[in-house]
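Residue numbers for the sequence shown follow my numbering, beginning at 373 and rising by one.
Data first, discussion second: the structure below is written as C-alpha coordinates.
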Amino acid sequence: MDKAAIYEQVAKEISAVNDGETSHIARYATACCLLNQAFVQFYWTGFYLVDPLKPNELVVGPYQGTLGCLRIPFGKGVCGAVAASGKAAVVDNVHEFPGHIACDSKTNSEIVVPVFDAQGKLASVLDIDSTEISTFSAVDQIALEAICKTLLL
(Lines of atoms letter the chains of each structure in order from A and count residues from 1; the text may use other names and numbers.)
(Lines give C-alpha, C1' and ligand atoms only; values in the text may rest on other atoms or scores of the structure.)
Protein backbone atom coordinates (compact mmCIF):
# COMPACT_ATOMS: atom_id res chain seq x y z
CA MET A 1 0.00 0.00 0.00
CA ASP A 2 1.12 3.54 -0.64
CA LYS A 3 1.35 6.10 2.16
CA ALA A 4 -2.02 7.72 1.45
CA ALA A 5 -3.78 4.34 1.54
CA ILE A 6 -2.11 3.46 4.84
CA TYR A 7 -3.26 6.76 6.32
CA GLU A 8 -6.79 6.13 5.08
CA GLN A 9 -6.82 2.74 6.80
CA VAL A 10 -5.30 4.07 10.03
CA ALA A 11 -7.80 6.94 10.13
CA LYS A 12 -10.64 4.42 9.96
CA GLU A 13 -9.05 2.35 12.74
CA ILE A 14 -8.57 5.42 14.96
CA SER A 15 -12.16 6.47 14.37
CA ALA A 16 -13.50 2.98 15.14
CA VAL A 17 -11.52 2.55 18.36
CA ASN A 18 -12.28 6.10 19.54
CA ASP A 19 -16.01 5.88 18.71
CA GLY A 20 -17.88 6.86 21.86
CA GLU A 21 -14.72 7.55 23.87
CA THR A 22 -14.95 10.83 25.79
CA SER A 23 -11.44 10.97 27.27
CA HIS A 24 -9.09 13.12 25.20
CA ILE A 25 -6.10 11.30 26.67
CA ALA A 26 -7.49 7.93 25.58
CA ARG A 27 -8.23 9.32 22.12
CA TYR A 28 -4.68 10.70 21.82
CA ALA A 29 -3.16 7.44 23.09
CA THR A 30 -5.13 5.44 20.51
CA ALA A 31 -3.96 7.69 17.69
CA CYS A 32 -0.32 7.45 18.82
CA CYS A 33 -0.38 3.70 19.04
CA LEU A 34 -2.08 3.07 15.71
CA LEU A 35 -0.02 5.64 13.79
CA ASN A 36 3.24 4.38 15.28
CA GLN A 37 2.41 0.78 14.41
CA ALA A 38 1.36 1.62 10.85
CA PHE A 39 4.63 3.27 9.77
CA VAL A 40 8.02 1.66 10.40
CA GLN A 41 9.79 4.97 9.75
CA PHE A 42 8.01 6.65 12.70
CA TYR A 43 10.60 6.72 15.48
CA TRP A 44 8.63 8.83 17.99
CA THR A 45 4.90 9.53 17.79
CA GLY A 46 3.15 11.58 20.43
CA PHE A 47 1.28 14.59 21.68
CA TYR A 48 2.41 17.63 23.58
CA LEU A 49 -0.53 19.18 25.42
CA VAL A 50 -1.05 22.84 26.20
CA ASP A 51 -0.57 23.02 29.97
CA PRO A 52 -3.65 24.69 31.52
CA LEU A 53 -1.50 25.94 34.42
CA LYS A 54 1.22 27.28 32.11
CA PRO A 55 -0.65 28.18 28.90
CA ASN A 56 2.53 29.15 27.03
CA GLU A 57 4.09 25.72 27.51
CA LEU A 58 3.52 22.30 26.06
CA VAL A 59 3.79 19.29 28.35
CA VAL A 60 4.36 15.75 27.11
CA GLY A 61 1.24 13.66 26.72
CA PRO A 62 0.60 10.17 25.35
CA TYR A 63 3.39 8.92 23.11
CA GLN A 64 5.14 5.89 21.64
CA GLY A 65 8.92 5.85 21.45
CA THR A 66 11.95 6.88 23.43
CA LEU A 67 11.82 9.40 26.28
CA GLY A 68 10.41 12.71 25.10
CA CYS A 69 11.07 16.21 26.32
CA LEU A 70 8.85 16.91 29.31
CA ARG A 71 8.13 20.57 28.50
CA ILE A 72 8.51 22.80 25.47
CA PRO A 73 7.89 26.56 25.58
CA PHE A 74 5.81 28.09 22.80
CA GLY A 75 8.17 29.39 20.12
CA LYS A 76 11.00 26.93 20.90
CA GLY A 77 11.88 24.06 18.59
CA VAL A 78 9.52 22.65 15.97
CA CYS A 79 6.72 21.83 18.44
CA GLY A 80 6.92 25.24 20.07
CA ALA A 81 6.96 26.97 16.68
CA VAL A 82 3.81 25.11 15.64
CA ALA A 83 2.16 25.90 18.98
CA ALA A 84 2.94 29.60 18.50
CA SER A 85 1.87 29.78 14.83
CA GLY A 86 -1.00 27.29 14.80
CA LYS A 87 0.31 25.95 11.50
CA ALA A 88 1.74 22.51 10.75
CA ALA A 89 5.46 22.11 10.00
CA VAL A 90 7.26 19.52 7.90
CA VAL A 91 10.99 19.58 8.61
CA ASP A 92 13.21 17.55 6.28
CA ASN A 93 16.33 17.95 8.42
CA VAL A 94 15.82 19.00 12.05
CA HIS A 95 19.51 19.85 12.40
CA GLU A 96 18.92 22.78 10.02
CA PHE A 97 15.85 24.06 11.91
CA PRO A 98 16.69 27.20 13.92
CA GLY A 99 16.33 26.50 17.63
CA HIS A 100 15.65 22.78 17.19
CA ILE A 101 15.30 20.97 20.52
CA ALA A 102 17.04 17.59 20.38
CA CYS A 103 14.91 15.46 22.68
CA ASP A 104 16.55 12.45 21.02
CA SER A 105 19.71 12.82 18.95
CA LYS A 106 18.58 10.03 16.58
CA THR A 107 15.79 12.21 15.15
CA ASN A 108 16.56 13.62 11.70
CA SER A 109 13.18 14.69 10.31
CA GLU A 110 9.91 15.70 11.90
CA ILE A 111 6.31 16.68 11.29
CA VAL A 112 4.24 18.58 13.82
CA VAL A 113 0.50 19.21 13.45
CA PRO A 114 -1.64 21.41 15.72
CA VAL A 115 -4.79 20.04 17.36
CA PHE A 116 -7.59 22.53 18.05
CA ASP A 117 -10.60 22.19 20.33
CA ALA A 118 -14.20 22.90 19.26
CA GLN A 119 -13.70 26.61 19.98
CA GLY A 120 -10.64 26.77 17.71
CA LYS A 121 -8.19 27.05 20.61
CA LEU A 122 -4.92 25.11 20.48
CA ALA A 123 -5.19 22.01 22.68
CA SER A 124 -2.05 20.11 21.70
CA VAL A 125 0.36 19.28 18.91
CA LEU A 126 0.99 15.91 17.31
CA ASP A 127 4.73 15.36 16.91
CA ILE A 128 6.15 12.56 14.76
CA ASP A 129 9.90 12.04 14.39
CA SER A 130 11.94 9.85 12.06
CA THR A 131 15.58 8.80 12.09
CA GLU A 132 15.65 9.31 8.32
CA ILE A 133 16.07 12.63 6.48
CA SER A 134 13.03 13.89 4.50
CA THR A 135 10.57 11.28 5.74
CA PHE A 136 7.51 13.51 5.67
CA SER A 137 5.64 15.27 2.86
CA ALA A 138 2.39 17.03 2.05
CA VAL A 139 0.73 13.58 1.99
CA ASP A 140 1.59 13.15 5.68
CA GLN A 141 0.52 16.68 6.55
CA ILE A 142 -2.89 16.42 4.88
CA ALA A 143 -3.63 13.01 6.40
CA LEU A 144 -2.44 13.93 9.88
CA GLU A 145 -4.37 17.21 9.88
CA ALA A 146 -7.53 15.26 9.00
CA ILE A 147 -6.87 12.71 11.77
CA CYS A 148 -6.19 15.45 14.32
CA LYS A 149 -9.56 17.06 13.55
CA THR A 150 -11.24 13.86 14.78
CA LEU A 151 -9.46 13.68 18.14
CA LEU A 152 -11.30 16.30 20.18
CA LEU A 153 -15.04 16.25 20.74
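Ideal Cβ placement from N, Cα and C applies to all residues, glycine included.
Item                                                                                                                                                             : Value
Here's the rule I'm using: 16 or more other beta-carbon atoms within 10 Å means buried, otherwise exposed. How should Glu380 be labelled?                        : exposed
With Leu494 and Val485 assumed to form a contact (beta carbons below 8 Å), what rounded beta-carbon distance in angstroms separates them?                        : No, Leu494 and Val485 are not in contact; Cβ-Cβ is about 11 Å, not under 8 Å.
Taking 7 Å as the threshold (C-beta atoms), are Ser502 and Tyr415 in contact?                                                                                    : yes
Around the Cβ of Val412, are there at least 16 other Cβ atoms within 10 angstroms (buried) or fewer (exposed)?                                                   : exposed
Less than 7 Å separating the beta-carbons of Thr417 and Leu406?                                                                                                  : no
Using the DSSP secondary-structure output, state which residues sit across from Val487 in a beta bridge.                                                         : Ser496
Using the C-alpha atoms, what's the distance from Lys426 back to Ala460?                                                                                         : 22 Å
Check whether the region 431-451 touches the region 461-480, counting contact only when three or more Cβ pairs, one atom from each stretch, lie closer than 8 Å. : yes
Taking the C-alpha atoms as reference points, what is the distance between Ile397 and Asn480?                                                                    : 27 Å
Would you kindly check if the distance between the Cβ of Ile378 and the Cβ of Ala403 is under 7 Å?                                                               : no
Check for me: the alpha helix (DSSP H) holding Glu429 runs from which residue to which?                                                                          : Note, Glu429: premise wrong, no alpha helix (DSSP H); beta strand (DSSP E) at 426-436.
Once DSSP output is grouped into helix, strand and coil, what is the label at Ile444?                                                                            : strand
Please say whether Phe446 and Ala456 have beta carbons closer to each other than 7 Å?                                                                            : yes
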